[in-house]
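Trainee: In the UniProt record's numbering, the protein residues as written are 1 to 357.
Glycine is no exception: its CB is placed at the ideal position from the N, C-alpha and C atoms.
In this text, all values refer to a predicted model and were calculated from it rather than measured experimentally.
1) Would you list the one or two residues that DSSP bridges to residue 202?
2) My guess is that residue 405 and residue 265 are in contact by the Cβ rule of under 8 Å, so how many angstroms apart are they, rounded?
3) I'd like the list of long-range same chain contacts for residue 56, defined as Cβ closer than 7 Å, with 5 residues on each side in sequence excluded.
4) By DSSP's criteria, residue 235 is part of a beta bridge. Which residues make up the other side?
5) Grab me the residues of residue 28's own chain with a C-beta within less than 6 Å of its C-beta, minus the 5 sequence neighbours each way, in chain order.
6) Can we say the stretch 194–214 touches the stretch 66–74, given the rule of at least three CB pairs closer than 8 Å?
7) Out of curiosity, what's the CA-to-CA distance linking residue 196 and residue 84?
8) With a cut-off of 8 Å on the beta carbons, I'd call residue 87 and residue 127 a contact; round off their distance for me.
9) Who are the Cβ neighbours of residue 120 in its own chain at under 8 Å, not counting the five residues just before and after it?
10) Out of 51, 251, 162, which one is the CA nearest neighbour of residue 91?
11) Could you check whether residue 49 and residue 207 sit closer than 8 Å to each other, using their CB atoms as the reference points?
12) Whether or not the stretch 223–233 and the stretch 185–192 are in contact is what I'm after, with contact meaning three or more pairs of Cβ atoms, one per stretch, closer than 8 Å; do they touch?
13) With distances taken from CA atoms, which of 335, 154, 340 is nearest residue 288?
14) Run through the DSSP bridge pairs and tell me what residue 46 is partnered with.
15) Using 10 angstroms around the beta-carbon of residue 130, count the other beta-carbons present and answer buried if the total reaches 16, otherwise exposed.
16) Pop quiz: residue 45 and residue 335 are said to be a contact at Cβ under 8 Å. What is the actual Cβ separation, rounded to whole angstroms?
17) Going by DSSP in three states, residue 174 sits in which element: helix, strand or coil?
18) Using only the alpha-carbon positions, how far apart do residue 105 and residue 149 sit?
19) Going straight from the alpha carbon of residue 65 to that of residue 345, what length do you get?
20) Helix or strand or just coil, what does DSSP make of residue 197?
21) If we count the other Cβ atoms within 10 Å of its Cβ and call it buried at 16 or more, is residue 240 buried or exposed?
22) So for residue 332, helix, strand or coil by DSSP?
23) Return the CA-CA distance between residue 261 and residue 140, expressed in angstroms with no decimal places.
24) Going by CA-CA distance only, name the one from 286, 319, 354, 272 that's closest to residue 325.
25) Are the Cβ atoms of residue 246 and residue 158 separated by less than 8 Å?
26) For residue 88, name the three-state secondary structure that DSSP assigns.
27) Taking 6 Å as the limit between beta carbons, can you name the residues of its chain near residue 165, skipping five residues before and five after?
28) In or out: residue 217 buried (at least 16 other Cβ within 10 Å) or exposed?
29) Can you check whether the CB of residue 233 is closer than 8 Å to the CB of residue 270?
30) Are residue 286 and residue 306 close, meaning C-beta to C-beta below 8 Å?
31) Which residues bound the alpha helix (DSSP H) around residue 111?
32) With DSSP collapsed to three states, give me the class of residue 212.
33) Can you tell me whether residue 252 is helix, strand or coil according to DSSP?
This is the structure we're talking about:
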């Protein structure tokens with residue numbers, strides 16, 4: 001089931017943020033504090049490669065890492081994220097409206113036809129607060145009963161997972177004194193082209209992480225960063241099992257992610273490199289399983305529970321990594337959940353330091 005709208009304009013972010021402060025199976029079981037001493041003297045900087053398809057949650061994971069490591073966002077970064085919040089809102093509403101048009105769906109409130117025209121014709125490349133007319137148009141559209149029905153069918157087209165969050169927070173976001181909260185920053189989708197280079201410290205160890213753009217056009221650049229990598233963080237949006245790629249309407253998004261993982265794990269330079277696999281968007285995955293059977297897209301799946309569905313996707317991922325000789329750690333994640341991600345990242349860095357030091 002493909003997209004009926006184009007992707008948002010991507011942003012190229014290149015820079016560094018300095019912090020002030022059969023593969024062997026392994027899961028995210030607890031590790032005691034004595035496994036990795038926080039007081040261990042800092043050693044040479046470890047290089048991490050953050051990979052995954054577009055919209056897999058890579059950048060959200062990076063935001064969580066920065067927050068866990070107590071990195072403040074610069075004024076320029078906050079301005080940048082704030083502008084993309086408005087762009088996210090417009091993009092999401094346009095996606096819903098495009099789906100409604102394709103399906104021949106009318107509005108429950110006839111006045112919303114005029115509001116839809118405002119969104120589709122007057123809000124191009126919009127990165128700033130809305131005027132009164134624009135605000136009322138978006139607010140009225142979101143409250144429309146048939147827009148809500150279209151939102152409920154979001155599995156049939158590509159819609160940002162943060163759409164509902166931002167629509168429901170529209171009054172706060174459009175306030176003249178609005179400043180993004182940490183949760184706002186996590187929920188904001190900012191596509192990345194090129195390389196985002198971030199330096200941070202965790203558990204008295206310096207890291208340099210390279211976040212690579214995940215769209216097809218960007219993947220050819222990945223190989224330029226393959227040398228000297230100590231570990232790979234790979235994100236996979238498992239909730240996309242029923243969706244097709246924006247760039248290629250004939251390719252299933254989950255299958256594309258699995259193929260990518262297989263390609264990376266069999267890369268000669270990474271055969272023994274630890275892989276930390278984040279099976280992401282579990283919240284959306286669980287909700288979607290109630291409406292869209294996994295067996296429709298993974299035909300050999302015979303399970304009936306959420307746990308079995310997760311295990312099935314993990315098994316498919318491990319099958320693709322049959323040539324990989326290192327350890328692959330697997331985590332089931334919801335990258336927008338701050339408290340859970342803080343716990344997960346604590347485990348990740350403990351395991352990582354235990355292996356590479």
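Mentor: Considering the structure as presented:
1) Here the question's residue 202 lines up with position 202 in the chain shown. Answer is 205.
2) Residue coverage of the chain in this structure runs from 1 to 357, which leaves residue 405 outside it and unanswerable.
3) Taking the first residue of the chain shown as position 1, residue 56 is located at position 56. Taken in chain order, the residues that qualify are 214, 235, 236, 237, 257, 280.
4) Counted from its first residue, the chain shown places residue 235 at position 235. In the DSSP output, where bridge partners are listed per residue, residue 235 has 52, 278.
5) As a first step, residue 28 is located in the chain shown; it is residue number 28 there, counting from the start. The predicted position of residue 28 is uncertain, since its pLDDT is 47 and thus under 50; a value taken from the coordinates is nonetheless stated next. The answer, listed in chain order, is 331, 347.
6) Yes, they touch.
7) Stepping through the chain shown from its first residue, residue 196 is reached at position 196. Stepping through the chain shown from its first residue, residue 84 is reached at position 84. Separation of residue 196 and residue 84 (C-alpha to C-alpha, rounded to the nearest whole angstrom) is 17 Å.
8) Start at 1 with the first residue of the chain shown, and residue 87 comes out as number 87. Start at 1 with the first residue of the chain shown, and residue 127 comes out as number 127. A Cβ-Cβ separation of about 5 Å places residue 87 in contact with residue 127 under the 8 Å criterion.
9) Within the chain shown, residue 120 is the residue found at index 120, counting from 1. Taking residue 120 as the centre and dropping the five residues before and after it, the same chain places the C-beta of 94, 97 closer than 8 Å to its C-beta, in chain order.
10) Counting from one through the chain shown, the residue named residue 91 turns up at place 91. The option with the nearest alpha carbon to residue 91 is 162.
11) Working through the chain shown from its first residue, we reach residue 207 at position 207. Working through the chain shown from its first residue, we reach residue 49 at position 49. Between residue 207 and residue 49, the C-beta gap is not smaller than 8 Å, which leaves the two residues out of contact.
12) Counting Cβ pairs under 8 Å, fewer than three are found: no touch.
13) The count along the chain shown starts at 1 and reaches residue 288 at position 288. Considering only alpha carbons, the answer is 154.
14) Indexing the chain shown from 1 puts residue 46 at position 46. Paired residue(s): 207.
15) Against the chain shown, residue 130 aligns to sequence position 130. Around the beta carbon of residue 130, a 10 Å sphere encloses 16 or more other beta carbons of the protein chains shown; the residue is thus reported as buried.
16) Taking the chain shown and counting its residues from 1, the one referred to as residue 45 is at position 45. Taking the chain shown and counting its residues from 1, the one referred to as residue 335 is at position 335. A Cβ-Cβ distance of about 24 Å is found for the pair residue 45 and residue 335, leaving them out of contact under the 8 Å criterion.
17) Here residue 174 refers to the residue found at position 174 when the chain shown is read from its first residue. Secondary structure at residue 174: coil, using DSSP grouped into helix, strand and coil.
18) For this step, residue 105 is matched to residue 105 along the chain shown. For this step, residue 149 is matched to residue 149 along the chain shown. A direct Cα-Cα distance of roughly 10 Å separates residue 105 from residue 149.
19) If you number the chain shown from 1, residue 65 lands on position 65. If you number the chain shown from 1, residue 345 lands on position 345. Straight-line measurement puts the Cα of residue 345 at about 7 Å from the Cα of residue 65.
20) In the chain shown, residue 197 corresponds to position 197, counting from 1. Looking at residue 197 - three-state DSSP - the assignment turns out to be strand.
21) Translated into positions along the chain shown, residue 240 becomes position 240. That one is buried.
22) By 1-based counting over the chain shown, the position of residue 332 is 332. It is a strand residue.
23) Within the chain shown, numbered from 1, the residue matching residue 261 stands at position 261. Within the chain shown, numbered from 1, the residue matching residue 140 stands at position 140. Rounded to the nearest angstrom, the two C-alpha atoms are 42 Å apart.
24) Looking up residue 325 in the chain shown gives position 325. Of the listed residues, the one whose Cα sits closest to residue 325 is 272.
25) As a working note, residue 246 is residue 246 in the chain shown. As a working note, residue 158 is residue 158 in the chain shown. Yes, Cβ-Cβ distance for residue 246 and residue 158 is below 8 Å.
26) Locating residue 88 in the chain shown gives position 88, where the first residue counts as 1. The answer is helix: DSSP assigns residue 88 an H, G or I state.
27) Position 165 of the chain shown, counted from the start, is the residue given in the question as residue 165. Only 187 meet the Cβ criterion.
28) Along the chain shown, read from residue 1 onward, the residue named residue 217 stands at position 217. Exposed, since its Cβ has fewer than 16 Cβ neighbours within 10 Å.
29) Taking the first residue of the chain shown as position 1, residue 270 is located at position 270. Taking the first residue of the chain shown as position 1, residue 233 is located at position 233. It is not a contact, given that the beta carbons lie outside the stated cut-off.
30) Sequence index remark: in the chain shown, residue 286 carries index 286 (1-based). Sequence index remark: in the chain shown, residue 306 carries index 306 (1-based). Contact: yes.
31) Taking the chain shown and counting its residues from 1, the one referred to as residue 111 is at position 111. Careful: residue 111 lies outside any alpha helix (DSSP H) and carries neither H nor E.
32) The count along the chain shown starts at 1 and reaches residue 212 at position 212. Three-state DSSP puts residue 212 in a strand.
33) What you label residue 252 is simply residue 252 of the chain shown in a count that begins at 1. Residue 252: strand per DSSP, three-state reduction.
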